[in-house]
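Protein chains in written order, with the working numbering: chain X, 3 to 362; chain G, 3 to 362; chain F, 967 to 1365; chain Y, 967 to 1365.
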Ligand code: SRM
Ligand code: SRM
Ligand code: SRM
Ligand code: SRM
Ligand code: SF4
Ligand code: SF4
Ligand code: SF4
Ligand code: SF4
Ligand code: SF4
Ligand code: SF4
Ligand code: SF4
Ligand code: SF4
């Protein structure tokens, strides 16, 4: 195999995207004039040239077997001349030029369990992460909760009856790979106990100064244990961020009994109307209850429905709450307001209410 | 005088306010129904009972001689049955029941140099502080600048032609006794050089640990000088707050050459429409130029006039800037934007522009 | 005395006698005509104008017997040249609530000060006190004695409760949602000891405004801010609204569009307010004072912690009690209980020169609420936390 | 191999085969039918569902020759029970810009992964890569070799530049203000070395959105965010506006009232926009796509520094270049120069695991701008400082 090594190709980057663009896109690149959404899951883009591109968007669990990938490839060949793409929220999109193929494609997608929708004022797929499928850091699973939540909210994926877009996301630990920090509703896996120190392992695999430096609340101090260099954790100072665990495998926080989930609301990314906003804490703790996490599903559903019933048209969750005020959000959703909601981190003082703009 | 000492009265508090209320107020206390401002400086309050109270508001320099106080007392006796009050912005108000006395009172006030006005959409008196009249900490004078600014803006005191109220204030050092931090336009005395250490005095009058602890940027370290305990100041870390000077007289910052003035805009206190806001830095430095501080006067005037010409009705300075955006504020006023405007203190990161909501 | 006084040349200050705004220089000169302290102040101030620098030294501790507060010590750094301001201490005299006076009361004050001080005053200081501007140490006790004989007392200074102040409220304003002057007088009397004898980590200021317009700037300038409000419907006189419209008020642009609750509708005939979304900002009432008025179920919001920037940056007061009725003695006593509760953890654990607002920021509002026995409420915050760094101690305890 | 595979009972996971949303469990089972790694993953995951805890260990450093990034090492903590996932490393494969594929390309990828891995993938990872989910160390090099033969390469991981990603832009969107895919491809190619060989203090992500709708969430998820915009007038087709109005769009409520620049007027006939006050938020265009369009003078805003909360709290990207044209190779090269300038002080002075956004917050935006040679502009800030703690070094120097 020395030969292979000689021919080793590196640093070529991805294939050029043009190779994968259908002719209609090449011809109308940069010439699109407007779009319409004739039905949920179908977007038609009309070009200056008059050309029309029909996109059919189907749900994806993101975790795909190679078999399913081949199936998508086959569908693309059958309906869209072999062209397809994926979206920034991991849906799959077929790029059609022949409108008569839309219905059959949708039928076939639905028949293999991939509902069509997610466009316009809908719930699209949830951005999410690895969870128990692949990550050492996870405080909860990712795919399972997404499945349970979306099963319950499927109607909002397949229709466009909501006041505005609503983006759901999930991250299985505070690292927030799902970048849930700017989502309308975010589900976040959390630890609620300080790390347990593995005294045997620690001196072998961790650099103590790094570990000490990693802790944002200075809860970790160098110490010795059984004559060996180690660390000491002031438990009351720990807020379970797991940053120490990221730099030191001997400090696991995972805990089957006490790991759980928090729910966040009101973030957004787009600049439409209001500036991008962070999500804010709605529910500090819900238990990990596999396989279907009913507490999480019901809480998310409740928030979606209260928002749907009360928001003005085009009002994202955060915009709605800004208009009605947080006290009303808690009242309408029935979520209890607790000490945990009150910020106590770096910029906490700026989150206190410094006006009498209150509703009664 | 031992007798006096025995009869010594303490802790009686101020006289009860009822002693000083005119009969019309006692009778209509809590019964006022609405008010009108028939002309600048005159407010009439109408009671449920039909009673009418006429208030005539005159400018005051706040620093009053006892002679002037007696003059006010005399005017009150002549026009308002001996009743008068002062406002939270230090104007004097005469409380009349007889409307025919309004004109003569105004004439007399104007004739002794106390113009009438400050009501409605006007510039009222400037809240201000001691300056070189009385404070050891002052980086500039107070009364002199106020006089110079108000001489220039008098027309806005005597009329009500501005888009909204506009509150000006001055504080002669960062302690901000004038609480200028929430003013439409604030004038602030500033030092721009680190303290000069008086090595002889320091060990005698200052507690070194207190001095070290007082510095928010940790610029001060304990040291010795000439064998005596002292402190050392890392000059690049100092931002001239004078907190060390407050706790230690041996660390003066006052400097005739480099003390000066900064201008702040867009603060407000009322809850009307928008929530209370802090003032923000408009001009980082203007020189101390007594007796009339022309640079300060012209800058303030310019801001007032640009605001007056561009704001919508009822729009305070801060509300106006929020609508048009800061880039336009700098463009319209011609004020240069510099590194100093960019926050670098505790919550600096939150002042960066995290959206593409820009105007071009 | 007068005949021996120096005559200072004041070319710079003379410039500030010109112009339409009342001149503080004229006031000083008026006093300087007969009062040597005022005269030396004039000379010293001219010197400051020339030198572009103040000529006062850091104050020492001076005061009247048994009091720790109420006097600001002050000495010039040029005592040889200006011996009459070698001492120039300020006395803070507690103003009557709402700053109402009779001519007689003013004269009494002027007489006392002419006998003992510079003949110069501030009506009033930024905190609200009457300021007697400048006298010698040996005059303090005598001034104090005459003041108390006349029914006046000193205000606060140093690490004590400062003289509470308030807007004119029910005395002259239709919008007062509680009796600001009554509450202020009550609190001032109740806290006499705490005002006069500094025993706190730092100063503590109280200001009472009758409505959300906050005419004493309490939300920016008081550790303890009481701001009147209502919780039922805004009172509307539709006839009057129409009259305003007829007289040229553009109800849509000037009122509807500026309502932060976006809860007003105007069809040209009737003004409708969705009071459940009203933010109690006062704007619509301010613009249409004859037509609108605060509701009838009135009370106040209590906010805590504002201060100037030294040294952690300025703070605005934040909501600690979203609504409280303030219509009888009992409710005033409840305020006293609340203040006492608020002071306790701060007095015990506050650092020297740490204002209560800074203390709360340091220990966290949640912990502070626990310490003073108040339940967390969403009204206390602008929004819940955005960071995930939650302490789950309570779940820990539940185990 | 298949015949020797264990059959796991998965009562808990089976519950997640039910319901209308596509089931990831079905996907795993499909692969588990023939692939022992996928099969052991199924068993292990069922165990996690039972235990309510993950069964993965902290990853070690694994990779392909000469690259430091692109592979995430992973090992189960139950290797005896689930030997086929004792190694289960992820490979990150760089996606084509805009995530467009041909069926052929997809099949090529599937074939490679069937030969070397678990038969499971993510289309795509959160950063945008194609994720090949789980294989053994010894398969990495072979997979890499087949990938590059097929024209694909690995993406980033660790402290390197991560795979840039972008919205579909001009390929399928009428609002793209610059060619997102072209720029993304250009940058990806330019930074091959920096993507594959970690040499930064921490990760550095690049995302390109064609307009302020920001469909790749670049402002929240990229250290370097490029967001398209325009600076001339919004293009209006009045006829079409009227048609929307006729068809039931309430122009006043849905458009005028929600415009953050408060710069739209609609009299029932003509829509007027005061473009000098337009904030470029896209809302009016979003609601009336047939009638309105971004202006013709198009380009982008460049923002810097966003990241997830670990460990100082989340950051959104903030404006560093208020407007830049991006219509030729030169302008792309300018972007490269800018990125290089941005990286330099951070690489030199950044702490280990300090993102560029955190670095800027630590050293201060003003100082950082100086270091990279950009002038301060008011567009870079939400508002000027509110605290008076200004460093006057420049005045010092002037002396
Ligand atoms: C395909 C995709 C871009 C891609 O290259 O993959 C895309 C495509 C379009 N977006 Fe988007 N957006 C896509 C992710 C996003 C994201 C990112 C995200 O969700 O993580 C955002 C920011 C979300 C946020 O603010 O949190 C986003 C915010 C928007 C908005 C602004 C919505 C708002 O009012 O805040 C619009 C405008 C609209 O829909 O009116 C928009 C509009 C559109 C349009 C109509 C643009 C056009 O003319 O083609 C496209 C169809 C929208 C639809 O689904 O109804 N797109 N769009 C992404 C589809 C994701 C999916 O599968 O659902
Ligand atoms: C007399 C005084 C209270 C007192 O007890 O001393 C007072 C009295 C009134 N205020 Fe005030 N305000 C007084 C200081 C304030 C302050 C405090 C300050 O300036 O430091 C504020 C907060 C200012 C701020 O936001 O920075 C204040 C914010 C208001 C507002 C809200 C204005 C706004 O739109 O933001 C109103 C409503 C209005 O004028 O429409 C108001 C309205 C009023 C009314 C109309 C109330 C009434 O019905 O009687 C009074 C006459 C106002 C006028 O001058 O036009 N008053 N008012 C104070 C006069 C100060 C002076 O001499 O000029
Ligand atoms: C006289 C007065 C200014 C005036 O001209 O009106 C004043 C004068 C002084 N203030 Fe003040 N403050 C005065 C109202 C204020 C206010 C405004 C207010 O109360 O509404 C503030 C801002 C609000 C606040 O409390 O934060 C204020 C914030 C300060 C500070 C900063 C405190 C802080 O926590 O940020 C200091 C510094 C200190 O306490 O060491 C200070 C310190 C001082 C000292 C005692 C100087 C010192 O460092 O020792 C000044 C004595 C000046 C002198 O020689 O007479 N003064 N001071 C005001 C009191 C008069 C009165 O009793 O009515
Ligand atoms: C695979 C992926 C999640 C997914 O399921 O899609 C992922 C997985 C991991 N991320 Fe991530 N991150 C992934 C996108 C993100 C994103 C989203 C994004 O890029 O848009 C973020 C938030 C944005 C950001 O960069 O801040 C993200 C923020 C983190 C962080 C926190 C970094 C920070 O500065 O705040 C960590 C912790 C770390 O770096 O030590 C982290 C660390 C990790 C590690 C390497 C765990 C670790 O501590 O070593 C995870 C490996 C999981 C595994 O076993 O496969 N991951 N990570 C995403 C990469 C796929 C791809 O290349 O396409
Ligand atoms: S969010 Fe945490 S647990 Fe989930 S994939 Fe990212 S690092 Fe792993
Ligand atoms: S989990 Fe976070 S807060 Fe707790 S010890 Fe580790 S680094 Fe510190
Ligand atoms: S602002 Fe500063 S200088 Fe002016 S009176 Fe207050 S403490 Fe003295
Ligand atoms: S002036 Fe302020 S920053 Fe400078 S040394 Fe003194 S306390 Fe520190
Ligand atoms: S605060 Fe309200 S009640 Fe008090 S004077 Fe001002 S407007 Fe009237
Ligand atoms: S008080 Fe303010 S929020 Fe309430 S209705 Fe009037 S304008 Fe709107
Ligand atoms: S970001 Fe703008 S240009 Fe890109 S897909 Fe979204 S709407 Fe179109
Ligand atoms: S893009 Fe946004 S700010 Fe500009 S006119 Fe349209 S709605 Fe208004």
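Virtual Cβ for every residue (Gly too), placed ideally from N, Cα, C.
{"query": "beta-carbon residue 1245/Y near ligand 12 non-hydrogen atom, thresh 7 angstroms", "result": "yes"}
{"query": "Start-to-end residues for the alpha helix (DSSP H) that takes in residue 111/X", "result": "104-113"}
{"query": "CA-to-CA distance, residue 1005/F to residue 968/F, given in whole angstroms", "result": "Residue confidence is low: residue 968/F scores 47 on pLDDT, short of 50, so the model does not pin down where it sits. Its coordinate-derived value is still stated next. Spanning the two alpha carbons is a distance of roughly 10 angstroms."}
{"query": "Same chain only: Cβ atoms within 7 angstroms of residue 1282/F, ignoring 5 sequence neighbours per side", "result": "1185, 1186, 1272"}
{"query": "Contact the region 12-24 of chain G vs the region 1300-1311 of chain F: 3+ CB pairs below 8 angstroms", "result": "no"}
{"query": "Proximity to residue 1034/Y [Cα-Cα], best of 1136/Y, 1082/Y, 1197/Y, 1107/Y", "result": "1107/Y"}
{"query": "Three-pair Cβ contact test at 8 angstroms for the region 152-163 of chain G versus the region 184-200 of chain G", "result": "no"}
{"query": "Beta-carbon spacing of residue 1280/Y, residue 280/X below 8 angstroms", "result": "yes"}
{"query": "Partner residues on chain G for residue 1277/Y, Cβ-Cβ distance less than 8 angstroms", "result": "Within chain G, no residue comes near residue 1277/Y; the closest Cβ sits about 14 angstroms away, beyond 8 angstroms."}
{"query": "Sequence-distant residues of the same chain with beta carbon closer than 6 angstroms to residue 1089/F, five excluded per side", "result": "none"}
{"query": "Length-filtered (3 minimum) beta strand (DSSP E) runs lying within the region 1218-1274 of chain F", "result": "1230-1232, 1237-1239, 1264-1270"}
{"query": "Coil, strand or helix - residue 245/G by DSSP", "result": "helix"}
{"query": "Cβ-heavy atom distance, residue 150/G to ligand 1, below 7 angstroms", "result": "no"}
{"query": "Contact list for residue 1351/Y against chain G, beta-carbon separation under 9 angstroms", "result": "282, 283, 342, 343, 344, 345, 346, 347, 350, 353"}
{"query": "Where the alpha helix (DSSP H) through residue 1312/F begins and ends", "result": "1295-1315"}
{"query": "Residue 140/X CB to nearest heavy atom of ligand 5 below 7 angstroms", "result": "yes"}
{"query": "Boundaries of the alpha helix (DSSP H) in which residue 47/G is found, first to last residue", "result": "Residue 47/G -> not in any alpha helix (DSSP H); beta strand (DSSP E) instead, spanning 44-49."}
{"query": "Closer than 8 angstroms to chain Y by CB, residue 169/G", "result": "no"}
{"query": "Boundaries of the alpha helix (DSSP H) in which residue 1338/Y is found, first to last residue", "result": "1331-1338"}
{"query": "Contact list for the region 235-261 of chain X against chain F, Cβ threshold 8 angstroms", "result": "238, 241, 242, 243, 260"}
{"query": "Interface partners of residue 359/X on chain G, CB under 8 angstroms", "result": "273, 277"}
{"query": "Under 8 angstroms between C-beta atoms of residue 315/G and residue 101/G", "result": "no"}
{"query": "Span separating the alpha-carbon of residue 1073/Y from that of residue 75/X", "result": "7 angstroms"}
{"query": "Beta bridge counterpart(s) of residue 125/X as assigned by DSSP", "result": "168/X"}
{"query": "Any non-hydrogen atom of ligand 9 within 7 angstroms of residue 1179/F CB", "result": "yes"}
{"query": "Selection from 1173/F, 1114/F, 1344/F that minimises the alpha carbon distance to residue 341/X", "result": "1344/F"}
{"query": "Euclidean distance between Cα positions of residue 212/X and residue 234/X", "result": "14 angstroms"}
{"query": "Proximity test, residue 242/G beta-carbon vs ligand 8 heavy atom, cut-off 7 angstroms", "result": "yes"}
{"query": "Simplified DSSP state of residue 1138/Y, which is helix, strand or coil", "result": "coil"}
{"query": "CB contact flag (residue 240/X, residue 219/X, <8 angstroms)", "result": "yes"}
{"query": "Residue 184/G: CB within 7 angstroms of a non-hydrogen atom of ligand 7", "result": "no"}
{"query": "Beta-carbon contacts of residue 1247/F that lie in its chain and below 7 angstroms, excluding the five residues immediately before and after", "result": "1178, 1226"}
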